[in-house]
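Before any comments, here is the structure.
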Amino acid sequence: MSDRRRINGPVGATIPPVSEDGASREVAGSRGGRSRPPNAIRKMYLKTGVTPSASGSAYLEIETSGRSGVSGLKLSCTVHGPRSLPRSSPFSPHIILSTHVKYAPFATRQRRGYLRDPSERDLGTHLEAALRGAIIADRWPKSGVDIIVSIIEGDQDRETSKTQGDESWDLMNALSGCITVASAALADAGIDCVDTVAGGVAALVSDKGDASPSIVIDPIPSEHDRILAACCIAYLPTRDEVTNLWFKGDLPASDTELYTKLVEKGIQASAKANRVLVECLGETVG
Amino acid sequence: MASTQHVLLSPAELAYLHAALSLTPPIRPDGRAPAQFRPLVAETGILPGTNGSARICFADGTEAIVGVKAEVERTRLVDGATAGTEWKEGGSARGEGEDDDGGDKAGDSDWVELTVEIPGYRDDDAGTAFLAAMLSEALLADGAFAKRLWINRRFHWKLYLDVLLISPPLSYPLPLLSLTTHLALLATRLPRLKSEGDEDPFFDDDWAAARHLFPRSSSSTTKESARPPVTLLVMAVGNNIIFDPAKEELAVADVALAVSVAEDTTAAATTAATMDLDDAAAPAARSLRLLSIRTIDPPSRLTPPGVPNAANSAYGATTAQKQPEARTAEAEAVEGVWRAPRGGAKPLVMAALVQKVLEKGGVADEILDALDAVDLG
Amino acid sequence: MATSSGTTSVAIPGQLLGPASKFQPGPGTHIHNANLYSSLLGVVHASQPAKPPGPAKRLTKITVPTQTPAELPTLSVSRTGVSEKREVLPEVGNTVLCRVTRITPRQAVVAILICGDTVLEAEWQGLIRVQDVRATEKDKVKIYESFRPGDIVRAEVISLGDQANFYLSTARNELGVILATSEAGNNMYPVNWKEYMDPETGLSELRKVAKPY
Chain A
1244 MSDRRRINGP VGATIPPVSE DGASREVAGS RGGRSRPPNA IRKMYLKTGV
1294 TPSASGSAYL EIETSGRSGV SGLKLSCTVH GPRSLPRSSP FSPHIILSTH
1344 VKYAPFATRQ RRGYLRDPSE RDLGTHLEAA LRGAIIADRW PKSGVDIIVS
1394 IIEGDQDRET SKTQGDESWD LMNALSGCIT VASAALADAG IDCVDTVAGG
1444 VAALVSDKGD ASPSIVIDPI PSEHDRILAA CCIAYLPTRD EVTNLWFKGD
1494 LPASDTELYT KLVEKGIQAS AKANRVLVEC LGETVG
Chain B
185 MASTQHVLLS PAELAYLHAA LSLTPPIRPD GRAPAQFRPL VAETGILPGT
235 NGSARICFAD GTEAIVGVKA EVERTRLVDG ATAGTEWKEG GSARGEGEDD
285 DGGDKAGDSD WVELTVEIPG YRDDDAGTAF LAAMLSEALL ADGAFAKRLW
335 INRRFHWKLY LDVLLISPPL SYPLPLLSLT THLALLATRL PRLKSEGDED
385 PFFDDDWAAA RHLFPRSSSS TTKESARPPV TLLVMAVGNN IIFDPAKEEL
435 AVADVALAVS VAEDTTAAAT TAATMDLDDA AAPAARSLRL LSIRTIDPPS
485 RLTPPGVPNA ANSAYGATTA QKQPEARTAE AEAVEGVWRA PRGGAKPLVM
535 AALVQKVLEK GGVADEILDA LDAVDLG
Chain C
2 MATSSGTTSV AIPGQLLGPA SKFQPGPGTH IHNANLYSSL LGVVHASQPA
52 KPPGPAKRLT KITVPTQTPA ELPTLSVSRT GVSEKREVLP EVGNTVLCRV
102 TRITPRQAVV AILICGDTVL EAEWQGLIRV QDVRATEKDK VKIYESFRPG
152 DIVRAEVISL GDQANFYLST ARNELGVILA TSEAGNNMYP VNWKEYMDPE
202 TGLSELRKVA KPY
């Protein structure tokens, strides 16, 4: 219902006009350019046991790319349980996982609400699939465990992510971080796992300078002109098994070589993240 | 959600199913071949109030309806500093003619809204969100779909796809919903635009003149036209790859993947020119594009384990007195006794699944051919 | 990784501990492809097996002879020594301590507090049905003559039960109420197998009394 007694501002959110000066143009010009080699992931910091009240917890930080206005990825994960299931749920011979992924309202360029939106629920389902394969569920009959991942900073570029489709690629990076941090928190909580699962992302990107698209791991969408396809993989290194595979993009089916290579690189990225995970868990006990 | 709903099968039944499906060739409970789909009934144009609609009914009784509604919506200007310049450039570019299908016909993924409703599940259920995300992800993957909704610089169509499962989800509904959405989009027509340029859009009210969202080239048989993607559910048991698994089959899956494919329009167009002489060869020349893959969490991980005779007190096993800490009664796997699978799948198995979907003349081809045969009213 | 010496070493989930033919799996480990792997983050313990029990008792029933690899050492992984926050789940055969929360004519509802020697972090609900209260004269058992809300009971887990409850039994001499409060609110002491007495009022109340050790 509109208020006719007062002079109101325009309906809906508007963005104040920003005059284009030299400085912002310069920033836009320096955009792009991946500083890392194509098969290197960004540095990450992982620590377990950060939330004393939870059964297990972990914190993951992935470094920013060094330019102003670009935030890294900051995730915090808490694991509550195993605890008894609510009375209404049926008997289960296994542990029931429930995963919640939530962006903090301030984590992304566009403010998020407090209720989980469909993309966050979708991430939660992916995370559940990745972890379900890693845990030994029959050790804990009739119990449930809650895994809550809060994305504190969402790995977004405030200056340049006006291009379309950026946010959907960001989800993959966020998911791989969620998998790694949840795996550390599960190990901290003392829930039986067959292996330490870690996430990794590989993408097929095309840059202005290069003639043909190339495959990079741990891509930052703002560093590339176009992302043609990407995949996020949850990988168990000692068993050499994949628990979750999420591929998105547009690849010709005749060339399965490209797809296979992309998955291989995703596994490679995951194995690199796993090394950090193993080191961190070793520190937790030692 | 639907994929992880409780399977009411005993460990003995699960072990039997798993053994039958691991044979070469696998023996499926309903007698199908490994790559054979369940028979289905499909029709389009069932809802007169929509721009396009379809209904598919599987033989097991699961049934889905999709309605597509389109509304004209004002395009939000590109935000921030670029908005002004964009406008100016637009004004100067106008003289060069509006009909170029160039890159400025950019679409936005916000122009498509897809909702899935499954009886017995909440709207905000994670599994429902997963299904909706999967379907719209495939639709928007190549970026070409949103461009079809472009009217002019200031207006676009907003497409609402409402996917309704009418029956209770007897099996994992993803393939059903995807096929129904595919047909509904094929049948979707938008009124013909009468206005020109960037003025407020004005449409022909003759429904017969409405153009298809995915125009069908009925005249030339060789020229394949663009079509929406389809999502196929494929699973592996042992060394076998099984398509369109029923609920019981999914309950013993080692790994399940949902693979979205679409026809490659650009490649088809180039091959069509060379294939002009030989009409019969044209369908075989269809090339596919891989749009998305997702792992479906198989419900087999939530199945109850069987008890081997050696550990069953009814068969004379002595129950050892346990210490409180010895909860982890870890036993070796016994032949013929069901155990829920642990861990994931080998990368090679996953690659084989995708390969099987994409291979020329494979299942994806067959499905697209079969859908071609549906009368679009 | 090699833990044959029995020295402590750190294991993370998925770490190879040794071939399954040489060790017995203990808590915190799992078998995959005939190898023993860790499934928990913690310290590896190798415990030498106890002496194989001799034929102390005459067998009273015929059993299938099972090959018990009792001579193998048991490997286990636990967080002991780091922080004791590992949670334990009641399992069939465990002795638990619980508090009676509610009684009905057919059953007593209890909250399980301690499992074995471990204090549980989460509270699990248990159920003592009327037929599981004692071993004899089961048809004459009355729940209100056996338990009262607030009593502390020692019981044995007999089943994982339904969705909400573990099923417990007190059908042994050493199981039953170990701590009871009278209607006047005083702690009572057991006087015989079915009575507790209030030391101040001198009144006795009926309980299924656990035999003191």
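Chains as they are written, first to last, in the numbering used here: chain A, 1244 to 1529; chain B, 185 to 561; chain C, 2 to 214.
Don't be surprised by glycine CBs; every beta carbon is placed ideally from N, CA and C.
Where residue i sits in the DSSP three-state scheme
| i | result |
| --- | --- |
| residue 439 of chain B | strand |
| residue 1369 of chain A | helix |
| residue 423 of chain B | coil |
| residue 364 of chain B | helix |
| residue 213 of chain C | coil |
| residue 207 of chain C | strand |
| residue 548 of chain B | helix |
| residue 40 of chain C | coil |
| residue 1267 of chain A | The predicted model places residue 1267 of chain A with a pLDDT of 48, which falls under 50 and marks its position as unreliable; any figure quoted below should be read in that light. If DSSP states are grouped into helix, strand and coil, residue 1267 of chain A belongs with the helices. |
| residue 159 of chain C | strand |
| residue 227 of chain B | strand |
| residue 339 of chain B | strand |
| residue 1397 of chain A | strand |
| residue 247 of chain B | strand |
| residue 522 of chain B | coil |
| residue 486 of chain B | helix |
| residue 139 of chain C | helix |
| residue 103 of chain C | strand |
| residue 1420 of chain A | helix |
| residue 1364 of chain A | helix |
| residue 1382 of chain A | helix |
| residue 13 of chain C | coil |
Limits of the beta strand (DSSP E) - the one that residue i falls within
| i | result |
| --- | --- |
| residue 534 of chain B | Not the beta strand (DSSP E): residue 534 of chain B falls in the alpha helix (DSSP H), residues 531-542. |
| residue 1305 of chain A | 1299-1305 |
| residue 318 of chain B | No beta strand (DSSP E) contains residue 318 of chain B, which is instead part of the alpha helix (DSSP H) from 310-324. |
| residue 1317 of chain A | 1316-1327 |
| residue 297 of chain B | 296-301 |
| residue 78 of chain C | 75-79 |
| residue 170 of chain C | 167-170 |
| residue 1476 of chain A | 1469-1479 |
| residue 1458 of chain A | 1457-1460 |
Terminal residues of the alpha helix (DSSP H) in which residue i lies
| i | result |
| --- | --- |
| residue 1502 of chain A | 1499-1528 |
| residue 204 of chain B | 195-206 |
| residue 1334 of chain A | Run containing residue 1334 of chain A: none; DSSP gives neither H nor E here. |
| residue 328 of chain B | 328-331 |
| residue 434 of chain B | 431-434 |
Tell me whether the region 319-334 of chain B and the region 1368-1388 of chain A touch, counting them as touching only if at least three CB pairs, one residue from each stretch, are closer than 8 Å. no
Any residues in the region 1453-1486 of chain A with a beta carbon nearer than 9 Å to a beta carbon of chain C? Which ones, in chain order? 1479, 1480, 1481, 1482
Report yes or no: do three or more beta-carbon pairs, one from the region 526-535 of chain B and one from the region 1476-1493 of chain A, lie closer than 8 Å? yes
Relative to chain C, which residues along the region 1323-1334 of chain A have a C-beta separation below 9 Å, given in chain order? 1324, 1325, 1326, 1327, 1328, 1329, 1330, 1331, 1332, 1333, 1334
Report yes or no: do the region 315-323 of chain B and the region 374-384 of chain B share at least 3 C-beta pairs separated by less than 8 Å? no
Taking one C-beta from the region 1408-1419 of chain A and one from the region 1326-1335 of chain A each time, how about it: are there three or more such pairs within less than 8 Å? no
Do the region 192-202 of chain C and the region 160-168 of chain C make contact, defined as three or more Cβ pairs closer than 8 Å? no
Which residues, in chain order, does the region 110-136 of chain C contribute to contact with chain A at a C-beta distance below 9 Å? 122, 123, 124, 125, 126
Taking three-plus beta-carbon pairs below 8 Å as touching, is the region 300-314 of chain B in contact with the region 341-355 of chain B? yes
Against chain C, which members of the region 1355-1379 of chain A pass a CB distance test of less than 7 Å? 1379
Name, going along the chain, the residues of the region 300-315 of chain B whose beta-carbon falls closer than 9 Å to a beta-carbon of chain A. 308, 309, 310, 311, 312, 313, 314
Using 8 Å as the threshold, is the region 178-189 of chain C in touch with the region 116-124 of chain C, meaning 3 or more CB pairs across them? no
With contact counted as at least three CB pairs below 8 Å, one residue from each stretch, are the region 151-158 of chain C and the region 94-111 of chain C in contact? yes
Any chance the region 1444-1452 of chain A sits against the region 1343-1353 of chain A, with 3 or more Cβ pairs inside 8 Å? no
Taking a Cβ distance cut-off of 7 Å, strictly less, list which residues of the region 163-175 of chain C are near chain A, in chain order. 163, 164, 165
Three CB pairs or more closer than 8 Å across the region 99-112 of chain C and the region 126-140 of chain C: yes
Inter-stretch contact at 8 Å, needing at least 3 Cβ pairs: the region 1387-1399 of chain A / the region 1317-1327 of chain A: yes
Given 8 Å, three or more beta-carbon pairs between the region 1457-1471 of chain A and the region 1498-1514 of chain A: yes
Anything in the region 1513-1529 of chain A with a Cβ closer than 9 Å to a Cβ of chain C? List those residues in chain order, please. 1520, 1521, 1524, 1525, 1527, 1528, 1529
Looking at C-beta atoms only, is the number of pairs between the region 1352-1363 of chain A and the region 1331-1340 of chain A that lie closer than 8 Å three or more? no
Is the number of C-beta pairs between the region 1424-1431 of chain A and the region 1286-1298 of chain A that are closer than 8 Å three or more? yes
Taking any Cβ of chain A, which residues in the region 525-550 of chain B have a Cβ under 7 Å from it, in chain order? 526, 527, 528, 529, 530, 531, 534, 535, 538, 539, 542
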